[in-house]
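Numbering (the UniProt record's numbering), first residue to last: 1 to 131.
Here it is, written out as C-alpha cells:
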C-alpha cells in the first residue's frame, strides 16, 4: 500500500507499506504537518496527541525523508523475514528429499550441509515418503 498526499497541487510520495493502516497513519502525520491539527484525518485526532509538538519542530523535507526511511525499514524487515522463511523451506525440502530418495538426490544446498544429519534422518521412522 503506497502513501501519498497532495500538497500545493503536487502529489508527494511518502512510502510503501505492507498494511493499509500504516500508510493511512503516515499520510495523517504529513497532513497534520502540512495543514495543521484541524485537517480531516483517517484516524481520530487524539491518536496523534503525542506527535503534535514533534511535528511542529521537524521541517517538512526531514519529515518526508523520515517517513520514507520508515517505509524502507519495514520493507527490508519483511524481505528478511521472507528470505528466512524461504531458506527454512528449502532446508526442510532437502531433508525430506534425503530421507525419501537418499543423499544423491538433487538438493538446494551442497550435500555436505547435511552430512551430520544423514545418519539421524535414516533413523527417523515417523516420516512417510510418498514415491
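A virtual CB, placed ideally from N, CA and C, is assigned to each residue, including glycine.
Source: prediction; values computed, not measured.
Handout entry: Opening and closing residue of the alpha helix (DSSP H) in which residue 57 lies
Key = Counting from 1 along the chain shown, the entry for residue 57 is found at position 57. From DSSP, the alpha helix (DSSP H) with residue 57 extends over 52 to 57.
Problem - Residue(s) in a DSSP beta bridge with residue 4 - result: If you number the chain shown from 1, residue 4 lands on position 4. Note: residue 4 sits in a beta bridge opposite 13.
Exercise for the section: Would you mind sorting residue 64 into buried or exposed? The rule is 16 or more other CB atoms within 10 Å of its CB. Expected result: Here residue 64 refers to the residue found at position 64 of the chain shown. Under this definition residue 64 is a buried residue.
Exercise for the section: On a CA-only basis, which of 24, 62, 82, 5 is nearest residue 47? Give me that one, please. Expected result: Your numbering for residue 47 matches position 47 in the chain shown. With respect to the C-alpha of residue 47, the residue from 24, 62, 82, 5 having the closest C-alpha is 24.
Exercise for the section: Can you tell me the Cβ-Cβ gap for residue 28 and residue 43, rounded? I've got them flagged as a contact below 8 Å. Expected result: The sequence position of residue 28 within the chain shown is 28, counting from 1. The sequence position of residue 43 within the chain shown is 43, counting from 1. About 6 Å separates the two Cβ atoms, so the contact holds.
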